[in-house]
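Chains as they are written, first to last, in the UniProt record's numbering: chain E, 1 to 344; chain X, 1 to 344; chain C, 1 to 344; chain R, 1 to 344.
Okay, structure first, notes after.
As structure tokens, this is what we get:
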């Protein structure tokens, strides 16, 4: 960490600040005296140094971070890729982990039928929303606990592990009991109370990037979960908010190699929510595989025009089957991709 | 609401869609047939029509909203300004409501001393964080329930109503008991489970705009609270995330006249969090008053350099006093401002 | 185009507006009268209707566009893909067009050597900056006309057509004479005087998307060139500015299928400028191919550490060769990709 | 400037890099060796050091700038406010400089009549577009040279100096001859060839911030003009592009105190273009004055509903007169404002 001192600050204040930083943070501080500026260089583990506290000093112009402010999710301290095991499947290894299913669970027939379809096409996990975060209080809010029951039936029928979103701390016990991967949605990526509680479980957590979260903030939210002792974190890129309005969000595929470099955690891509339009799912899914994602999360619905939510971005089982075939070919074309991305 | 039909769609599909929309939504649908495009115009109350369901139809190119998708927070259906009463004070009327205090409650001495200072300078409400949402799990997380106790002491000593942030549903009863205005932070603006529960109380809620939330999404989140029966909602603009990095966030002062036009709810401005730098608080606070805000929320600390959080954006009691004097002059210069903004 | 009338507007004003719009624009206008809102639906060719003029009417609440405001670049009026011919090569057909070379031309030896290398690896075009737009006036500004001469030597030596950026109208004659594809940089995407002049030539124009330009604005800038009679426009996605700072810009790969749907013009992707970091070029280039781009523009330098500009984002000839091999495999894996993207 | 070295880089490479940086840039370099990271601290004038060249070294992880990369526009080297003189008026002193007039010059009668109106209300400068940058090639492009002639007539009639936008280098001589302040529009803020040519003149230049330009990039563009010898630069904040779509752009009023701190150049605010809606001009203009702007640029039209461009954001002469009265009161309320902003 580098502290930029204001021009013309008194020497004794600089020395006092140096001492204060050293005492409070167990780091050593070098003074670099330039003509216009004086800098303090902090040496040691600065992961947990609170930059805003230093910035509050009246002689400080600015503070620049050198080290990433996360530790458990940092590849620097954990060079090997993390592989999250979920029953007989895993996310983060050599195989692509495809999670597929409808936006929301609507009925037993619907979820079981889609589960069978996606399994046949090669999906390894079933997704389906039971608790739905909707922008409008007047929109369908999900079948809630009834939705969880239906997901369990679909798992029973197909053997696919189930992934579904949690929306508040009071449902954690239930989710730990019922679900295989607990999803934290983009809107709750910085719901820190929720993250802390999930850190106390040992369930795999699928943590979606908030639509305005930086890569660093995503990794800090992963750190919240890991700091509680739960290392089974799977990241998910699902588009960020930009000025472009043609797509619902802008899928940030550069985030995949970036996160592969910065962190050892697996990362999957959700092209359905990013684009918000069904016909973009196919090309974006292919691109996600080519760029090095560990998995995909894709919305599949047997009757999008009558879906209770997000039908406009769901593809049909037949299109999903074709996509899975194409993806296989790309996986072959980009063999060893994970390794290359990390080490070039 | 306008539905744009894809070029060359079969006539019978258009008619089927028209009928489906009419049946499901109790609206009537006009067909406008152009040369290149065919449009459907929905007539009636479209507030609760789910545009994404219509967009999922394979013959639909796009859907454009005409009416705002919120009702209870909409000025169209409630022309008079809402004034939220909090004990002997109010927010939304002719007087400027100033909320001031430290980022976080640190000790009895600290909070009581600051409370007395800001009261003397004219603040009407005391702010102070007990539960703190911090990006890093390693940063100070607030004194939590102990912080609430200290706030109550400060209220006892000064008579100032207290405003503090809630972070999860399991604390609602406690906050309803202890606090005068419950703040929902920017990161929880779309924590819908929390909003729903707060809608069941009758406490004033200070709802902060998320850093990437549109004005419409902010009003939809207010709608969540109001749909539960709690109409005591105060909005807060605190900066949005943009590409500019010199300031922490970009204070969107245009949102004030926009919200005044779209909604009857009061809106306050938090320049401290927007700028993230103490010396910008003064000019931005003045601008907020000139643009027509109903109030300000300002971080004041007696010892910013040793504050446990956000010291870099806190002003000292003396600077706050000066600012309050300047603001008084601007208030006089922009008399009748609220009204003008709405009716020009 | 839909015109939303303000609530409670007098009927005669609505009729006057309807007549005015009809007279000025040769369209017919339908009135749709709802309970809260009245709408005007414009029927006919609204491509050239100036929405802001209508919005200026005091009884107009808002105007929504239905039809894209571009015509010559619009796929609706030109369903077949445009293939731009450049000497013996082409951009927009079944083969991937790879443009490679250094950020800036530095010396004869440098440009000829790199040209040979990239040709050997399969590049079809040579890029190299002669006139360089640099943020700082103190940075290297390019060899200017001397750079053009060196590019011509490299073309002479290798047969590769040359692509280089133009920065002002007074160089157009020279560029038409010397260059095979004239590049318009991101910063000049809305330099309309330049676009108009280029529209009068018949040279292929590589038009880069501005870092804050929407897809629609990019197509409008293409329209400027085409309106002058020059239909040889190649679009280029090179990243947009977002809040994320880890990458220099955020490569918007969703823009590729979007533009394939909206326009018949070919589009290439420049991963080097988007990421701004050399080790991201490989994964992003692969993703660009998988998503359906017609070509790539890649910075290759034989000695990046001593490059006069953008060395940090240049890959070496050897890495380029390997990348070209990998890309071949992906091209095979995504056969018929262009067609699929457009017609799903 | 701080160079962050990659973990585990060989010591001799670090030393080689240190020497290379010292030789090429006439700075001295300190090595700070931490446990995880090694840093190089550059001491001396780093304004002109090309960070991207250093970043291109394979052992460099990242480079952080400490010093602002502009010099002539930097307050550090020029503490006094610059006041730009234009005939008998000035911009940057104690008085507010108000520039008003129509978006585009349409006829002699129009421009002369508006010029008289705005002068009567207290405007000090007349604006009016002759060459108009329009997103669509099919929109009105301005009266061009005829527009310049009409502006001169309006100046003749009223004595108001005229401000109008230049769009290409080949018009510079004409503008120097005809115009009092040459405006560079947001779209041309990084048209470096234009900036360089304008640097050779001694005309006052009104440089508008690009819609996606950072504050630093705006100051770098000012530096381009100043590096040529022309120090008469006036900056203009006119809104930036964000995700919010209710307003055309988001007026970044925080940029005013930021620029006051970073630079000595005067800065004016254009609320008309930022908001894109006439009824927001009044509150935003007031806020701009309260925040410390040196001037305002406001679109005034006598018949907005029939304006040839941007009528939707133009206010009428009567509203302008009222606004000027209100602004006077705010100016009195924020006396000494400029000074305060800089020195708090």
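Built from N, CA and C at the ideal position, the CB exists for glycine as well.
It should be emphasised that the depicted structure is a prediction, and the values quoted were computed from it without experimental measurement.
- The beta-carbon separation of residue 163 of chain E and residue 206 of chain E, rounded to 6 Å, stays under the 8 Å limit for a contact.
- Contact annotation: the segment 233-252 of chain R touches the segment 270-279 of chain R, with at least three C-beta pairs closer than 8 Å.
- In this model, residue 77 of chain R and residue 71 of chain R are separated by some 7 Å (Cα to Cα).
- The beta-carbon distance between residue 261 of chain R and residue 140 of chain R, rounded to whole angstroms, is 40 Å. This is too long to meet the 8 Å contact definition.
- Burial check for residue 332 of chain X: the Cβ neighbour count within 10 Å stays below 16, so the residue is exposed.
- Cβ neighbours of residue 285 of chain C within its own chain (closer than 8 Å, five residues either side excluded): 269, 271, 296, 298, 323, 327.
- The beta carbon of residue 54 of chain E lies closer than 7 Å to those of 3, 21, 60, 63 in the same chain, with the five residues before and after it left out.
- Against residue 227 of chain X, the close residues of chain E are 137, 138, in the order they occur along the chain (beta-carbon pairs closer than 8 Å).
- Residue 32 of chain R belongs to the set of residues whose beta carbon lies under 8 Å from a beta carbon in chain E.
- Annotation: residue 107 of chain R to residue 154 of chain C spans about 53 Å, alpha carbon to alpha carbon.
- Among the residues of chain C, those whose CB is under 7 Å from the CB of residue 66 of chain X are 4, 37, 39, following chain order.
- In the three-state reduction of the DSSP assignment, residue 64 of chain E falls in the strand class.
- Scanning the segment 126-189 of chain E from its first residue to its last, the whole alpha helix (DSSP H) runs of 4-plus residues come out as 145-158, 172-178.
- If you look at residue 118 of chain C, you'll find it isn't in any beta strand (DSSP E); it sits in the alpha helix (DSSP H) that goes 108-120.
- In summary, residue 209 of chain R is buried, with 16 or more beta-carbon neighbours lying within 10 Å of its beta-carbon over all protein chains present.
- With its beta carbon less than 8 Å from one in chain C, residue 190 of chain R belongs to the interface.
- In this structure residue 142 of chain R is buried. Its beta-carbon is surrounded by 16 or more other beta-carbon atoms within 10 angstroms.
- For the pair residue 233 of chain E and residue 265 of chain E, the CB atoms are nearer than the 8 Å cut-off.
- Between residue 39 of chain R and residue 5 of chain R, the beta carbon gap of about 7 Å places them in contact (Cβ cut-off 8 Å).
- DSSP places residue 256 of chain C in the uninterrupted alpha helix (DSSP H) bounded by 255-262.
- Only residues of its own chain outside the window of five on either side were considered, and among them 169 have a CB closer than 8 Å to the CB of residue 193 of chain R, listed in chain order.
- DSSP, reduced to helix, strand and coil, places residue 251 of chain R outside both helices and strands of the structure shown, so it counts as coil.
- About 19 Å separates the beta carbon of residue 185 of chain R from that of residue 226 of chain R, a gap too long to meet the 8 Å contact definition.
- Taking the CA atoms as reference points, residue 147 of chain E sits about 60 Å from residue 102 of chain R.
- Close to residue 241 of chain C, with beta-carbon spacing below 7 Å, are these residues of chain X in chain order: 243.
- Taken in chain order, the members of the segment 279-298 of chain R whose beta-carbon sits within less than 8 Å of a beta-carbon on chain X are 279, 280, 282, 283, 284, 286, 287, 288, 289, 290, 291, 292.
- The shortest C-alpha to C-alpha distance from residue 100 of chain E to any of E:93, E:112, E:94 is the one to E:112.
- In this chain, the beta strand (DSSP E) harbouring residue 205 of chain R covers 205-208.
- Per the coordinates, the alpha-carbon of residue 124 of chain E lies some 39 Å from the alpha-carbon of residue 172 of chain X.
- Residue-level contact check: residue 79 of chain E does not touch chain C, since none of the beta carbons of chain C fall below 8 Å from its beta carbon.
- Excluding the 5 residues flanking it on each side, residue 189 of chain C has same chain C-beta neighbours closer than 8 Å at 207, 208, 209, 210, 213, 217, 218, 221, in chain order.
- With a cutoff of 8 Å on beta-carbon distance, residue 187 of chain X and residue 191 of chain E are scored as near each other.
- Neighbours of residue 212 of chain X in chain E, taken as residues at a C-beta separation under 7 Å, are given in chain order as 211, 212, 241.
- Under the Cβ distance rule, residue 312 of chain X counts among the residues neighbouring chain E, one pair being separated by less than 8 Å.
- Residue 215 of chain R has its alpha-carbon roughly 15 Å from the corresponding atom of residue 243 of chain C.
- Interface residue (Cβ-Cβ distance to chain E less than 8 Å): residue 160 of chain C is not classified as such.
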